[in-house]
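Peer 1: Using this note's numbering, the first residue of the sequence shown is number 513, and each one after it goes up by one. Yeah, the Cβ is synthetic: ideal placement off N, Cα and C, and Gly gets one too.
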Amino acid sequence: MKRILIVGGANGIGLSIAKALASRKSTEQVYIIDKAPLAEEYKESKIENLEFDLTNEDYSAFDRFQDIDGLIITAGFGKLALFEDIDEKMIPLYFTVNTIAVIRVIKHFYDRLLSTEDFYCGVMVSIAGFMSSPFFSLYGATKAALKIFIESVNVELEKAGTTNRILNVSPGSIKGTSFNQGKTDLSVTASLANEIIAHVEQKDDLFIPKYEEVFKDVLARYQKDFRAEGRHSYDYKLTSGRVKVE
């Protein structure tokens, strides 16, 4: 990848990926689109940022990025909360930012994915999209929709004769990001950022960080008894201190 667009790259894992790519001699330009401005401490000549709210109806801002050969989407948000405590007004916002915006951006560059020329694409999804996740019911639903979308489109790309694929990156909780009111720490996320870049450039279609160490067993338990694993997930979030229920 030489010219890469990162949607949601002003902080967290997106920023970590941007900085890793910008440090390469072969990288010509890294474009960042994010609702938040890029902090002065992270600005450099190879990184160009544009502020854009993904809830906007008009996506013509993406028209200017026709020279890119890589697209990485890390935008999204979530907060651990019981469904009963989520304001109804937040429901469409969750889907607009986490699901619809991602699909719209990919549609914008879909001709590049269909091309016989190399085009690299990766999307931050979530392990919550693979299983029931109490306290993440709405967030998980937005990610489950993305998972199925990516899997389906990747088959269409294969049948169209291109080697280009969309990488589904589905981690669990990531330390060192601003997700769930955390704080960005690039020293913590650098290793994962480089792993993601490697999988994108290999045109893989799925990357679950810590799969062998953690999620292989978790997914197996879920397939065996999704109800029991759901209860385990609920209790785990409580005992880990990640959420508190009055």
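Determine the DSSP secondary structure at Tyr632, reduced to helix, strand or coil.
Peer 2: As a working note, residue 632 is residue 120 in the sequence shown. Residue state, collapsed to three classes: strand.
Peer 1: DSSP on Val542, reduced to helix/strand/coil?
Peer 2: Stepping through the sequence shown from its first residue, residue 542 is reached at position 30. Strand, per DSSP.
Peer 1: Alpha carbon to alpha carbon, how far is Glu724 from Leu731?
Peer 2: The sequence position of residue 724 within the sequence shown is 212, counting from 1. The sequence position of residue 731 within the sequence shown is 219, counting from 1. Those two C-alpha atoms are separated by around 11 Å.
Peer 1: Among the candidates Pro549, Ala587 and Lys537, whose CA atom is the shortest distance from the CA of Ile518?
Peer 2: Here the question's residue 518 lines up with position 6 in the sequence shown. The shortest Cα separation from Ile518 among Pro549, Ala587 and Lys537 belongs to Ala587.
Peer 1: Quick check for students: name the residue ranges of the beta strand (DSSP E) that lie wholly in the stretch 658-725, counting only runs of 3 or more.
Peer 2: The stretch 658-725 contains these whole beta strand (DSSP E) runs: 678-681.
Peer 1: Please report the distance separating the alpha-carbon of Ala593 from that of Ser535.
Peer 2: Here the question's residue 593 lines up with position 81 in the sequence shown. Here the question's residue 535 lines up with position 23 in the sequence shown. Their backbone Cα atoms lie some 38 Å apart in a straight line.
Peer 1: The beta strand (DSSP E) spanning Glu556 covers which residue range?
Peer 2: As a working mapping, residue 556 is identified with position 44 in the sequence shown. Where Glu556 is concerned, there is no enclosing beta strand (DSSP E), given that its DSSP letter is neither H nor E.
Peer 1: Please identify the residue among Leu698, Asn680 and Asp599 whose C-alpha is closest to the C-alpha of Pro721.
Peer 2: On the sequence shown, residue 721 is found 209 positions in, with the first residue counted as 1. Of Leu698, Asn680 and Asp599, the residue nearest in Cα terms is Asn680.
Peer 1: For Lys555, which residues from the same chain have a beta carbon less than 7 Å from its beta carbon, with the 5 sequence-adjacent residues on both sides left out?
Peer 2: Translated into positions along the sequence shown, residue 555 becomes position 43. Nothing meets the Cβ criterion.
Peer 1: What did DSSP end up calling Gly524 once you bin it into helix, strand or coil?
Peer 2: Position 12 of the sequence shown, counted from the first residue, corresponds to residue 524. Gly524: helix per DSSP, three-state reduction.
Peer 1: For Met602, does the count of other Cβ atoms within 10 angstroms reach 16, so buried, or fall short, so exposed?
Peer 2: Residue mapping note: residue 602 aligns to position 90 of the sequence shown, counting from 1. With fewer than 16 other Cβ atoms within 10 Å, it is exposed.
Peer 1: In or out: Glu741 buried (at least 16 other Cβ within 10 Å) or exposed?
Peer 2: Within the sequence shown, the letter at position 229 stands for residue 741. Glu741 is buried by the Cβ-count criterion.
Peer 1: The beta strand (DSSP E) that contains Ile585, what's its start and end?
Peer 2: For the purposes of this step, residue 585 is identified with residue 73 of the sequence shown, where counting begins at 1. Element bounds for Ile585: Gly582 to Ile585.
Peer 1: Can you find the residues in the same chain that come closer than 7 Å, C-beta to C-beta, to Ile615, ignoring five residues on each side of it along the sequence?
Peer 2: Taking the sequence shown and counting its residues from 1, the one referred to as residue 615 is at position 103. Within the same chain, Ile615 has close Cβ partners Phe661.
Peer 1: For a test of the three-state rule: what should DSSP assign to Glu569, helix, strand or coil?
Peer 2: Residue numbering aside, residue 569 sits at position 57 when the sequence shown is read from its first letter. In this structure, Glu569 counts as coil in the three-state DSSP scheme.
Peer 1: Scan the stretch 596-645 and note each continuous beta strand (DSSP E) run of 3 residues or more that stays entirely inside, going in chain order.
Peer 2: Listed in chain order, they are 632-636.
Peer 1: Quick check: the Cα distance between Asn692 and Asp597, rounded to an integer number of angstroms?
Peer 2: Locating residue 692 in the sequence shown gives position 180, counting from the first residue. Locating residue 597 in the sequence shown gives position 85, counting from the first residue. The predicted position of Asn692 is uncertain, since its pLDDT is 49 and thus under 50; a value taken from the coordinates is nonetheless stated next. In a straight line, the C-alpha of Asn692 is about 16 Å away from that of Asp597.
Peer 1: To the nearest whole angstrom, what separates the beta carbons of Gly590 and Ile516, a pair I think is in contact under 8 Å?
Peer 2: Walking along the sequence shown from the start, residue 590 turns up at place 78. Walking along the sequence shown from the start, residue 516 turns up at place 4. The pair is not a contact, with the Cβ atoms about 25 Å apart (cut-off 8 Å).
Peer 1: Quick one: measure Cβ to Cβ for Tyr734 and Met643, integer angstroms, because I've assumed they're closer than 8 Å.
Peer 2: Counting from 1 along the sequence shown, the entry for residue 734 is found at position 222. Counting from 1 along the sequence shown, the entry for residue 643 is found at position 131. Yes, Tyr734 and Met643 are in contact; Cβ-Cβ is about 4 Å, under 8 Å.
Peer 1: If you drop the 5 nearest sequence neighbours on each side, which residues of the same chain put their C-beta closer than 7 Å to that of Leu650?
Peer 2: The residue labelled residue 650 in the question sits at position 138 within the sequence shown. The answer, listed in chain order, is Phe595, Ile598, Ile603 and Tyr606.
Peer 1: In the DSSP output, what is Leu562 paired with across the bridge?
Peer 2: Mapped onto the sequence shown, residue 562 falls at position 50. DSSP, once it has assigned bridges, lists Ile545 as partnering Leu562.
Peer 1: Hey, how far is the Cα of Ser664 from the Cα of Thr654?
Peer 2: As a position in the sequence shown, residue 664 is number 152, starting the count at 1. As a position in the sequence shown, residue 654 is number 142, starting the count at 1. Spanning the two alpha carbons is a distance of roughly 16 Å.
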